[in-house]
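Inspection log for the structure reproduced underneath, given as structure tokens.
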Amino acid sequence: MPKLDRSDFKYNAKVFEKTCLWCGTPFFASRSTAKYCCGTCRGYANQAKQSEEAVPYDETEKMISALLSENAYLKGQLQRYVTENDELRKQLQKINSQS
Numbered sequence: 326m327p328k329l330d331r332s333d334f335k336y337n338a339k340v341f342e343k344t345c346l347w348c349g350t351p352f353f354a355s356r357s358t359a360k361y362c363c364g365t366c367r368g369y370a371n372q373a374k375q376s377e378e379a380v381p382y383d384e385t386e387k388m389i390s391a392l393l394s395e396n397a398y399l400k401g402q403l404q405r406y407v408t409e410n411d412e413l414r415k416q417l418q419k420i421n422s423q424s
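Below is the structure:
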């Protein structure tokens, strides 16, 4: 996974702010020669280099769209769990106050 936060490193570590050549994600690297944010991007770039063709833009757009919809779904699930947790907490408080 790309390290998107400098706090993942030691306070005195030399850290380089980079942008992934494959996906364009900004990330922090411990090496000045780092080109990719993660092994997945490095693998995709290597495959594209070997076949001498990059992933088509439409396919990349579909991947981004799928990730955004999955993110929205997970956000909804999380919100539902938070709501259920709050309801259960209120019920538990009622039971404890009756005892």
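Using our numbering, you'd call the opening residue of the sequence shown number 326 and step up by one each time. Backbone N, C-alpha and C fix where the C-beta goes; we use that ideal spot for every residue, glycine too.
Is it right to say residue i is buried, meaning 16 or more other beta carbons lie within 10 angstroms of its own, or is it exposed?
i	result
Y361	buried
I420	exposed
F341	exposed
K343	buried
A354	buried
Starting from residue i, trace the alpha helix (DSSP H) in both directions and tell me its first and last residue.
i	result
A354	No alpha helix (DSSP H) contains A354, which is instead part of the beta strand (DSSP E) from P351 to A354.
Considering residue i, what are the terminal residues of the beta strand (DSSP E) in which it resides?
i	result
T365	Note, T365: premise wrong, no beta strand (DSSP E); alpha helix (DSSP H) at G364 to S376.
T358	Unbroken run through T358: none, as it is neither H nor E.
Give me the DSSP bridge partner(s) of residue i.
i	result
K343	F352
Looking at C-alpha atoms only, which residue of the options is the closest neighbour of residue i?
i	options	result
N371	Q423, Y406 and L346	L346
G364	S376, C348, S357 and Q375	C348
T350	I389, A373 and S376	I389
T358	A373, K339 and Q375	K339
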